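Chemist: Sending over a structure as structure tokens; questions will come in a sec.
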Amino acid sequence: TTDMGGGTEGCFFRAYVDGTAYLNGESAYYEAKKGDAMITLKNLPEGTHTVRLVKATGYVLANTIFRSVSFDGTVAETAPEAKKLLLEFIGDSICCGWGVIGNHKGAYTDQDATMAYPYLVADAMNADLSVVALSGQGLTVGNPGIFAGYRYASPNRSMKSEYGFERRADYSIINIGTNDCAYGLSAADFEVKLKELIAMVREKNGADCRIILVGGMMKTEYNNTLDRVVQELGRADAGYYVYIADRAVGGNHPTAAEHKGYAGQLSEMLDAIERGN
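With positions in the sequence shown counted from 1, the corresponding number in this note's numbering is that position plus 125.
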């Protein structure tokens, strides 16, 4: 069931069978309009398969409730094992893949989270992925705002049920502030709120969670602040890192090529940390 939220068009999903995109005819997407929709994967070859259904359209444009699943066959008694790493990404429309398809209008036909750098990094690192990204949100702007978006299990439905964090993230990659900057938040005030968010992340995920602050993908005003905060908190010795990207062309949301570039650089950074370099 899909509620358009701030959108009026629909919601896209991508399906993967045994790690490979499973096409809907000639399209990469399975589309769900407002209301109830059935997504059917047809003609799978006989055998054992792992199936994933990934929502490609962001929270702001389409809120979706997963009602049920059925199989023509049997389901394994045990779930696949969790991967070694859990990567958590906290951010805004950039993490959602807003504008990644190319026309920068922000419509659901222009957005695909599976083409955005968080999804690409997790794929490259063979890691499980958690994305807390709300288009238009920041540390001080947006509804409900990134603090509520991070804290609650589903802030669009309940501001009472907190997320449990039963599995803690090994890395939390924070790319937030573009919308705060657009609304004129000073670097000093941004720093105060960023430290509050970092403290919440460490509280929920524990002291072993390594935190990477990301800047520069659209705005550059807070880049020096990010570096100073990481230095103040103890840098790598304390599990804090910074990654400053090249600003997206024209100040727009990053293109598909730019997301791939960011993903490659971040994956190399994470791999080096994992190897102790």
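C-beta atoms are modelled at their ideal positions from N, C-alpha and C, and glycine is treated no differently.
The structure presented is a predicted model; accordingly, all values stated were derived computationally and were not measured.
#1: Please name the residue, chosen from 175, 357, 217, that lies closest to residue 203 on a Cα-to-Cα basis.
#2: How would you write the range of the beta strand (DSSP E) that residue 328 sits in, first residue to last?
#3: Measuring alpha carbon to alpha carbon, tell me which residue in 372, 309, 295, 279 is nearest residue 344.
#4: Apply the 10 Å Cβ neighbour rule to residue 126 and answer buried if 16 or more other Cβ atoms are within range, or exposed otherwise.
#5: Tell me the rounded alpha-carbon separation between residue 242 and residue 153.
#6: Count the other CB atoms within 10 Å of the CB of residue 308; is the residue buried (16 or more) or exposed (fewer)?
#7: Can you check whether the CB of residue 340 is closer than 9 Å to the CB of residue 317?
#8: Given a threshold of 16 other Cβ atoms within 10 Å of its Cβ, counted over all protein chains shown, does residue 213 qualify as buried or as exposed?
#9: Roughly how many angstroms lie between the CA atoms of residue 296 and residue 401, to the nearest whole one?
#10: Tell me the rounded alpha-carbon separation between residue 279 and residue 286.
#11: For residue 211, which three-state DSSP category applies?
#12: Quick one: residues in its chain with C-beta nearer than 8 Å to the C-beta of residue 331, no 5 flanking neighbours on either side, listed in chain order?
#13: Please state whether DSSP places residue 247 in a helix, a strand or coil.
#14: Name the residue from 139, 160, 327 whose alpha carbon lies nearest to the alpha carbon of residue 236.
#15: Smallest Cα separation from residue 219: which of 356, 383, 323?
#16: Can you list, in chain order, the residues of its chain with a C-beta nearer than 7 Å to that of residue 149? Leave out the 5 residues immediately preceding and following it.
#17: Would you check if the distance between the CB atom of residue 298 and the CB atom of residue 322 is smaller than 9 Å?
#18: Within 10 Å of its beta-carbon, does residue 262 have 16 or more other beta-carbons around it, so buried, or fewer, so exposed?
#19: With residue 329 and residue 354 assumed to form a contact (beta carbons below 8 Å), what rounded beta-carbon distance in angstroms separates them?
Modeler: The short version:
#1: Here residue 203 is taken as the residue at index 78 of the sequence shown, counted from 1. Looking at the Cα atoms, 175 is the closest of the given residues.
#2: Translated into positions along the sequence shown, residue 328 becomes position 203. No beta strand (DSSP E) contains residue 328, which is instead part of the alpha helix (DSSP H) from 312-330.
#3: Locating residue 344 in the sequence shown gives position 219, counting from the first residue. Nearest of 372, 309, 295, 279 to residue 344, Cα basis: 372.
#4: One-based indexing of the sequence shown puts residue 126 at position 1. Per the 10 Å Cβ criterion, exposed.
#5: Mapped onto the sequence shown, residue 242 falls at position 117. Mapped onto the sequence shown, residue 153 falls at position 28. Between residue 242 and residue 153, the C-alpha separation is close to 18 Å.
#6: Numbered from its first residue, the sequence shown carries residue 308 at position 183. Residue environment analysis places residue 308 among the exposed positions, since fewer than 16 neighbouring C-beta atoms fall within 10 angstroms of its C-beta.
#7: For this step, residue 317 is matched to residue 192 along the sequence shown. For this step, residue 340 is matched to residue 215 along the sequence shown. Result no, Cβ atoms of residue 317 and residue 340 do not sit closer than 9 Å.
#8: Locating residue 213 in the sequence shown gives position 88, where the first residue counts as 1. Buried, since its Cβ has 16 or more Cβ neighbours within 10 Å.
#9: Counting from 1 along the sequence shown, the entry for residue 296 is found at position 171. Counting from 1 along the sequence shown, the entry for residue 401 is found at position 276. Cα to Cα, the separation comes out at about 15 Å.
#10: Within the sequence shown, numbered from 1, the residue matching residue 279 stands at position 154. Within the sequence shown, numbered from 1, the residue matching residue 286 stands at position 161. Here the alpha carbons of residue 286 and residue 279 stand approximately 7 Å from one another.
#11: Within the sequence shown, residue 211 is the residue found at index 86, counting from 1. Collapsing the DSSP output to three states places residue 211 in a strand.
#12: Against the sequence shown, residue 331 aligns to sequence position 206. Excluding sequence neighbours, residue 331 sits near 293.
#13: Residue 247 sits at position 122 when you count from the first residue of the sequence shown. In the three-state DSSP reduction, residue 247 falls in the helix class (H, G or I).
#14: In the sequence shown, counting from the first residue as 1, residue 236 sits at position 111. Nearest option by C-alpha distance: 139.
#15: Residue 219 sits at position 94 when you count from the first residue of the sequence shown. Nearest of 356, 383, 323 to residue 219, Cα basis: 383.
#16: Along the sequence shown, read from residue 1 onward, the residue named residue 149 stands at position 24. So the qualifying residues of the chain are 155.
#17: Counting from 1 along the sequence shown, the entry for residue 298 is found at position 173. Counting from 1 along the sequence shown, the entry for residue 322 is found at position 197. Pairing residue 298 with residue 322 gives a Cβ-Cβ distance that is not under 9 Å.
#18: Counting from one through the sequence shown, the residue named residue 262 turns up at place 137. Result: buried.
#19: The residue labelled residue 329 in the question sits at position 204 within the sequence shown. The residue labelled residue 354 in the question sits at position 229 within the sequence shown. Taking a contact as a CB-CB distance under 8 Å, the pair residue 329 and residue 354 does not count as one, their CB atoms being some 19 Å apart.
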